[in-house]
Amino acid sequence: MADKKEYQAWSASPPAYPQAQSQSGQDLTQNTDWNYSIFYCFTPGSVCLTSCCLPCLTFGKTQARVKNPTLSNFSYCNSDCGLFTCLGLVWSHWILQTIRRSELRQQFGIKGNCCGDCCAVFWCSCCAIIQEEMEAELRTRPAAQTAYQPISGMAYPQ
Numbered sequence: 001m002a003d004k005k006e007y008q009a010w011s012a013s014p015p016a017y018p019q020a021q022s023q024s025g026q027d028l029t030q031n032t033d034w035n036y037s038i039f040y041c042f043t044p045g046s047v048c049l050t051s052c053c054l055p056c057l058t059f060g061k062t063q064a065r066v067k068n069p070t071l072s073n074f075s076y077c078n079s080d081c082g083l084f085t086c087l088g089l090v091w092s093h094w095i096l097q098t099i100r101r102s103e104l105r106q107q108f109g110i111k112g113n114c115c116g117d118c119c120a121v122f123w124c125s126c127c128a129i130i131q132e133e134m135e136a137e138l139r140t141r142p143a144a145q146t147a148y149q150p151i152s153g154m155a156y157p158q
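Numbering of the sequence shown is given in full-length UniProt numbering, commencing with residue 1 and proceeding in unit increments.
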């Protein structure tokens, strides 16, 4: 169902047309709070495992999803992943992640501030990466934003 808060690693359908928007879809995509808690980081297991072992991959995927929700030209070897990895070698990846978390929050209208972003990223980086990926997936999901409604009353003359 489109209005559920269930993580989908890849877009299941092409973008929908902006004809109608369900109330529960609006509640999910226009919520000013995070839809997922920062401590909701163990589900799904695949995202948890990837984010804990190779956080650069999840970070790169999240940034690609924000730029292109369909992930049509997505590659795990992207510039955001590379930059995150290089900064991680000198323990500075949290600076980039704080900046991108703030940008994500502003783009989706989520309440918060830079200090909160910095603390979340610095003290619980993997949980923050998972929260950002799940939130970006939910808010850019075409089915949650709109639902196609066929025009009624159209029929062939008899």
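Cβ coordinates follow ideal geometry from the N, Cα and C atoms, glycine included.
Sub-8 angstroms separation of Ser51 and Cys115 beta-carbons: no
Where Ala9 falls, given that 16 or more other Cβ within 10 Å makes a residue buried: exposed
Rounded distance between the beta-carbons of Cys56 and Phe84, thought under 8 angstroms: 4 angstroms
Inter-residue spacing [alpha-carbon to alpha-carbon] between residue 178 and Thr32: This structure gives no information on residue 178, because the portion of the chain shown stretches from 1 to 158.
Expected contact under 8 angstroms - CB spacing of Arg101 and Ala128 to nearest Å: 6 angstroms
Neighbourhood of Lys5 by C-beta, 8 angstroms cutoff - its chain only, sequence neighbours within 5 removed: Excluding sequence neighbours, Lys5 sits near Leu28, Asn35, Tyr36, Leu138.
Rounded C-alpha distance that separates Lys61 from Ser79: 11 angstroms
For Gln97, three-class secondary structure by DSSP: helix
Under the three-state DSSP convention, the category Ala9 falls into: coil
Extent of the continuous alpha helix (DSSP H) run through Gln131: 125-140
Three-state secondary structure (DSSP) of Ser102: helix
Residues near Glu133 by beta carbon distance below 7 angstroms, same chain, minus five either side: The residues are Val47, Thr58, Lys61, Thr62.
Beta-carbon gap between Pro142 and Pro44 smaller than 8 angstroms: The answer is no: Cβ separation not under 8 angstroms.
Limits of the alpha helix (DSSP H) - the one that Lys67 falls within: 55-67
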